[in-house]
Every structure is written in structure tokens, then in C-alpha cells.
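Please read the structure below before turning to the comments.
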Amino acid sequence: MPIERSSSRAAVWAILRKECRSEWRTRYGLNAALLFAITSLTAVSFAVGRLTDRHDMLAALLWVVLLFAALASLSHAFVREVEGRTLTLLRLVADPTAIAFGKLLFNLLFLVTIEVVTVPLFLVLMGAPGPRWPAFLAVLAAGSVALAAAATVVGAIISQTRGRGALFAGAAFPILLPVLAAAVSATRAQWSGGTVDGELRLLIAYAVALLAVSLLLFDHLWED
Amino acid sequence: MNPARVEVEGEEVGHHYGRRVGLRSTSFRLESPGVVAIRGANGSGKSTLMRILAGLLRPSHGRTRLRIGERELAAKGRFRHVGYAAPDLAFYPEFSVTENLAFAAETRGDSRPSVAVKEAVEQVGLQTRAADRVAALSSGMLQRLRLAFALLHDPALLLLDEPANHLDEEGRVTFETWLGRARGGRLIVMATNDEREWRLADRTIELQGRGLGDPA
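In order, the protein sequence lines correspond to chains A and B. Our numbering puts the first residue of the first sequence at 311, with every later residue one more than the last. Our numbering puts the first residue of the second sequence at 218, with every later residue one more than the last.
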């Protein structure tokens, strides 16, 4: 049986496909996330009507809905492996960095899938003004990468601990806050006619910093 | 069959789980080819030693060395060369036997994953259950899957913790045949208290001490 030198790229790709197949079979996260997004947007729409001129409210509401819809699943990427006792299997087939990047890519894909459904629904139900698409999509992309990276790092760290649920909230709060603040500010700015360059740079820099921390941390995270 | 020479060495290697002893300090040197059985009372540290050798657990003190050919492998890179089957090895219940093994082969970068999976499944007699989801397997079938997983990437070192666990008589015969084929030039280390498995070994190591439960 010829074995090629295991390339990390092949491992990342295989882990991403495994995550997608597992999610498709079990629907652990997607159904719950979409249900939350749709019901919360519908409820807010009925309660407060259209928020066309409230750019600050629109921006905050969009990111709060995205965050809460996605977070339960994003934070469980590693917890599922620990609770299903499959982390040993993963560690026997790939190096920690490949595992982490496979999970990160899946989290990003999961977030994008939620956004594809949630954002158009949000724009219609909330009566949001037409966004400046290039700026809006750039903020959405950078915010999603930063959010996925933050949730992946924190999820990996807390997966080996006992009080995972409570710890995730505590550990994630200071890491997610800068992402949310910058994303909300940039989203509001693009509706109000302001520039988004500063916040966009901050989101990108933050995402890069989180990815760098991930690279340094993941080799040491799962040693018993 | 893997022809590379394998040497495993432990120097005063031991482990604590918090304040409890998982493995008392022990030293050893093992070489391929051959089958080594590790015996010891419950909690003496057999499984802990297997996890340390596989690179899954960092010992609290001492060190292990794994040399394959001329290369010494760090714990981090051992997974490419070590086959591991143990009771703590679980699979994805929503995937079939074939899908679990194919995932392992593809993730390791095997150039012919489907061939490797087919051979591994045949060797442990799981052909008729290959398409079944892991959630539907009995304990014995799950144990066969663990053995298939261990040999999937033609590793130079096989670490088998309680390898005939849950197997019925037919399964045990299949395991003994499988072990005979797996020997080749490999080093096979089995952690077991089963007399029938000791007899398959060329050498036996006895771990002393009661292990877990003893204060450090």
C-alpha cells in the first residue's frame, strides 16, 4: 500500500469534507441556526416594523442575529469530537494544525451558508436600505473570517475542559467583542455613507492575528 | 509488509493523572521484528504506556524514543508510522465502516485510499458490514474495525491495546490470522492480560505496581 507523504493540504481538505458530510447527515447545527435566524428576524419584524432609517439598529441587529445563529454550532466543532471520543481518531490521522484549519474552514463555510439565507431575509424584513455592495460584502467577509477564527480558537481551547458551556461564554466574550464592535461599526458606516476602511483593516488584522495564534497553540492543545 | 527497522526505547518513562499514578517509572528497549506483550494488573499503566508510545500522551517524566530506519520520530509526527487500536478509539457513528476508513486514509494522504480500505476490511472479515453505519455495529464488529484502522496505512509499529476484546471465537481466529499476516518485519506491541494473546507474543513485559489509584 503506497503511502504518499501526508500533505497537510490533503488532510485539511479531507477534514473539511468529513465535517460537511457529518453536518449534512446529522444536521446538528444548520437546522437550529437557520430556525433561530428566521424566527428571530420574523419576531423582530412583527414587533418593531421596518427600521429603514435606523442604521445603527440595523447594523447591530444583523450581527447579533448572525452571531447567535452560528455560535452554538461554531463553538461545538471540537466539543463534538471530545464528547463523541473521536478526537483520538483525528489525532491519529492528521497533525493538530491540519485539524484546526479543517475545522476553521468548515466553520467559515457554515457561517457563509447561514449568511446566504439570513442576509437577504434581513434586508427584506427589516426594510434596510440597499447596501453599498462592495463595502457591505467586504465587511461581511472579513467579519465572518474573524468570527470563525475566534470561535474555532476558543472552541478548541475549551473542548478539553469540564465546564465547557460556561467557560465558552467567559472566554469568548473578550475575543469576540472587538470583532462585533468593528463589524457593527463598519456595517453602519456603509449604510450612512461613511468609510469602512479603518474597521475593515482592523477586522483583517484581527483575523490574521487569531490565525497566527491558532498556529502557535494547536500543536500543544490536545496533549493530555 | 513494512521492512523498515523499528526501535522503541523508554527511559524512566512514567505518568501521573493529577495526584494519581498512571504509570510507574519504567525503562525498556524493543526492536522489530516481533510481538511484545505487555502484562500487568488493572490500572498498572498498560493503556497509558500505549498512548505515550503512540504520541497521544506526553509522559509526566522520562522519555520515549521511536526510531524507524535511521530516523528518530518526534511524538507529534508518530501518527504517520504507528497503527493504534485501543478501547478508547471511537469512530464517527453517522458514517459507515468504509467511510470511516476512507476518511482516515484520505486524511493521511494515502494515494490509493479505496484499495487500502478494501484490503483492510477484508483482512478483518468485515466485508459484509462495510456499508453499515458504525452506530449499528456490535462491540465485536467495532473491535474488528479498530484492527482494520490500525493496519490501514501499513505502519511500521503496531500498538494494540486489548486487541481481542469483545471478539467471539471466530473473531479471535480471524485476529490470530490477522496478527500472523501483520507480523512481517513489524514491531507489534500488545497490552493484554489475556493468556491466549500472551502465547502469540515473542516476549512479555510485566508492568509492576497497582498503578492508578496509588497516590503519587
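Note that CB positions come from ideal geometry on N, CA and C, so glycine has one too.
Nearest to residue i (by Cα), restricted to the options the options
{"i": "Arg389/B", "options": "Leu374/B, Arg413/B, Asp378/B", "result": "Arg413/B"}
{"i": "Ala387/A", "options": "Leu419/A, Leu376/A, Asp366/A, Thr362/A", "result": "Leu419/A"}
{"i": "Trp501/A", "options": "Trp334/A, Arg390/A, Trp443/A, Ala410/A", "result": "Trp443/A"}
{"i": "Leu375/B", "options": "Glu229/B, Gly294/B, Met407/B", "result": "Met407/B"}
{"i": "Phe378/A", "options": "Ala479/A, Ala522/A, Asp507/A, Ser524/A", "result": "Ala479/A"}
{"i": "Glu387/B", "options": "Val299/B, Ser356/B, Gly342/B", "result": "Gly342/B"}
{"i": "Glu336/B", "options": "Ala352/B, Val252/B, Leu364/B, Arg222/B", "result": "Leu364/B"}
{"i": "Val225/B", "options": "Leu318/B, Val252/B, Val332/B, Gly235/B", "result": "Val252/B"}
{"i": "Glu287/B", "options": "Arg222/B, Ile405/B, Arg295/B", "result": "Arg222/B"}
{"i": "Arg331/A", "options": "Lys413/A, Thr497/A, Val523/A, Phe346/A", "result": "Lys413/A"}
{"i": "Gln344/B", "options": "Ser356/B, Leu362/B, Pro330/B, Ala352/B", "result": "Leu362/B"}
{"i": "Leu384/A", "options": "Glu333/A, Pro441/A, Leu400/A", "result": "Glu333/A"}
{"i": "Pro304/B", "options": "Glu393/B, Glu379/B, Thr391/B", "result": "Glu379/B"}
{"i": "Ile422/B", "options": "Leu240/B, Arg256/B, Val351/B, Thr409/B", "result": "Arg256/B"}
{"i": "Asn339/B", "options": "Thr409/B, Asn259/B, Ser249/B, Leu318/B", "result": "The sequence shown places Glu at residue 339/B, rather than the Asn named in the question. Taking only the C-alpha atoms, the option nearest Glu339/B is Leu318/B."}
{"i": "Asp371/B", "options": "His298/B, Gly357/B, Leu377/B, Ser313/B", "result": "His298/B"}
{"i": "Arg511/A", "options": "Ser495/A, Leu525/A, Val523/A, Lys328/A", "result": "Ser495/A"}
{"i": "Gly279/B", "options": "Pro250/B, Arg241/B, Tyr234/B", "result": "Arg241/B"}
{"i": "Phe528/A", "options": "Leu477/A, Pro488/A, Ser469/A, Ala493/A", "result": "Ser469/A"}
{"i": "Val505/A", "options": "Ala492/A, Ala517/A, Tyr516/A, Ala515/A", "result": "It should be pointed out that residue 505/A corresponds to Thr in this sequence rather than to Val. Thr505/A has its Cα closest to that of Ala492/A, out of Ala492/A, Ala517/A, Tyr516/A, Ala515/A."}
{"i": "Tyr201/B", "options": "Pro250/B, Ala258/B, Ser249/B, Thr265/B", "result": "It is not possible to answer for residue 201/B, since the shown part of chain B is limited to 218 through 433."}
{"i": "Ala456/A", "options": "Val434/A, Tyr516/A, Pro430/A, Val426/A", "result": "Tyr516/A"}
{"i": "Asn417/A", "options": "Leu526/A, Phe446/A, Val358/A, Leu376/A", "result": "Leu376/A"}
{"i": "Lys328/A", "options": "Ala342/A, Leu399/A, Val358/A", "result": "Leu399/A"}
Inter-residue Cα distance where the pair is residue i and residue j
{"i": "Pro310/B", "j": "Leu381/A", "result": "24 Å"}
{"i": "Val334/B", "j": "Ala448/A", "result": "43 Å"}
{"i": "Gly453/A", "j": "Leu520/A", "result": "13 Å"}
{"i": "Lys263/B", "j": "Ser328/B", "result": "34 Å"}
{"i": "Ile269/B", "j": "Leu340/A", "result": "37 Å"}
{"i": "Leu417/B", "j": "Leu384/B", "result": "16 Å"}
{"i": "Trp395/B", "j": "Ala322/B", "result": "19 Å"}
{"i": "Ala399/B", "j": "Leu368/B", "result": "8 Å"}
{"i": "Met267/B", "j": "Val230/B", "result": "12 Å"}
{"i": "Arg284/B", "j": "Thr407/A", "result": "24 Å"}
{"i": "Phe320/B", "j": "Ala324/A", "result": "7 Å"}
{"i": "Gln425/B", "j": "Thr243/B", "result": "9 Å"}
{"i": "Ala292/B", "j": "Asp419/B", "result": "26 Å"}
{"i": "Gly430/B", "j": "His232/B", "result": "A caution first: Gly430/B carries a pLDDT of 45, below 50, which makes its placement in the model unreliable, though a value can still be read off. Each residue's alpha carbon lies about 13 Å from the other."}
{"i": "Ala348/B", "j": "Gly402/B", "result": "32 Å"}
{"i": "Thr396/A", "j": "Ala461/A", "result": "20 Å"}
{"i": "Leu490/A", "j": "Trp373/A", "result": "7 Å"}
{"i": "Arg401/A", "j": "Leu273/B", "result": "7 Å"}
{"i": "Val389/A", "j": "Ile409/A", "result": "13 Å"}
{"i": "Ile313/A", "j": "Leu404/B", "result": "Because Ile313/A carries a pLDDT of 44, less than 50, the predicted location of this residue cannot be relied on, and the following value inherits that uncertainty. So the alpha carbons of these two residues sit roughly 19 Å apart."}
{"i": "Ser331/B", "j": "Thr324/B", "result": "13 Å"}
{"i": "Glu393/B", "j": "Leu415/A", "result": "42 Å"}
{"i": "Ala353/B", "j": "Gly508/A", "result": "54 Å"}
{"i": "Thr428/A", "j": "Pro439/A", "result": "16 Å"}
{"i": "Glu248/B", "j": "Ala373/B", "result": "11 Å"}
{"i": "Trp415/B", "j": "Ala254/B", "result": "6 Å"}
{"i": "Ser277/B", "j": "Val434/A", "result": "59 Å"}
{"i": "Arg360/A", "j": "Leu487/A", "result": "27 Å"}
{"i": "Ile424/A", "j": "Leu477/A", "result": "25 Å"}
{"i": "Ser355/B", "j": "Val518/A", "result": "46 Å"}
{"i": "Met358/B", "j": "Leu377/B", "result": "16 Å"}
{"i": "Leu503/A", "j": "Arg364/A", "result": "For clarity, residue 503/A is Gly in the given sequence; the question names Leu instead. Taking the straight line from one Cα to the other gives about 13 Å."}
{"i": "Gly294/B", "j": "Ser317/A", "result": "12 Å"}
Paired residues, beta bridge with residue i - DSSP
{"i": "Val406/B", "result": "Val253/B, Leu376/B"}
{"i": "Ala302/B", "result": "Leu377/B"}
{"i": "Arg420/B", "result": "Val253/B"}
{"i": "Leu283/B", "result": "Val225/B, Leu290/B"}
{"i": "His278/B", "result": "Gly231/B"}
{"i": "Ser313/B", "result": "Arg350/B"}
Whole-number beta carbon distance between residue j and residue i, since they are thought to touch under 8 Å
{"i": "Ala451/A", "j": "Val464/A", "result": "Not quite, the Cβ-Cβ distance comes to about 21 Å (not below 8 Å), so this is no contact."}
{"i": "Gly227/B", "j": "Thr281/B", "result": "5 Å"}
{"i": "Gly437/A", "j": "Thr362/A", "result": "4 Å"}
{"i": "Ala302/B", "j": "Phe366/B", "result": "7 Å"}
{"i": "Val354/A", "j": "Leu368/A", "result": "The Cβ separation is near 11 Å, so there is no contact."}
{"i": "Leu531/A", "j": "Ile467/A", "result": "7 Å"}
{"i": "Leu421/A", "j": "Ala458/A", "result": "5 Å"}
{"i": "Arg498/A", "j": "Asp366/A", "result": "5 Å"}
{"i": "Leu326/A", "j": "Phe432/A", "result": "With 8 Å as the limit, Leu326/A and Phe432/A do not qualify as a contact, their Cβ atoms being about 27 Å apart."}
{"i": "Val523/A", "j": "Phe411/A", "result": "So it is not a contact: roughly 13 Å between Cβ atoms."}
{"i": "Phe296/B", "j": "Val403/A", "result": "7 Å"}
Closer than 6 Å: residue i CB and nearest the ligand GTP heavy atom
{"i": "Val238/B", "result": "Of ligands this structure carries none, so the ligand GTP is not represented either."}
Secondary structure, beta strand (DSSP E): runs of 3+ residues fully inside the segment 223-254 of chain B: If we require 3 residues or more, the beta strand (DSSP E) runs fully inside the segment 223-254 of chain B come out as 223-234, 237-248.
Starting from the N-terminal side, write out each stretch of the beta strand (DSSP E) that is 3 residues or longer and does not extend beyond the segment 443-496 of chain A. Here no run is fully enclosed.
Suppose only complete runs of 4+ residues qualify. What are the alpha helix (DSSP H) ranges in the segment 325-388 of chain B, listed by chain order? Counting only runs of 4 or more, we get 330-340, 356-368.
Could you tell me which uninterrupted alpha helix (DSSP H) segments, each at least 4 residues in length, are contained entirely in the segment 320-377 of chain A, listed from first to last along the chain? DSSP runs (the alpha helix (DSSP H)) wholly in the segment 320-377 of chain A: 340-358.
Length-filtered (4 minimum) alpha helix (DSSP H) runs lying within the segment 386-443 of chain A: List check, alpha helix (DSSP H) in window: 389-393, 397-403, 406-435.
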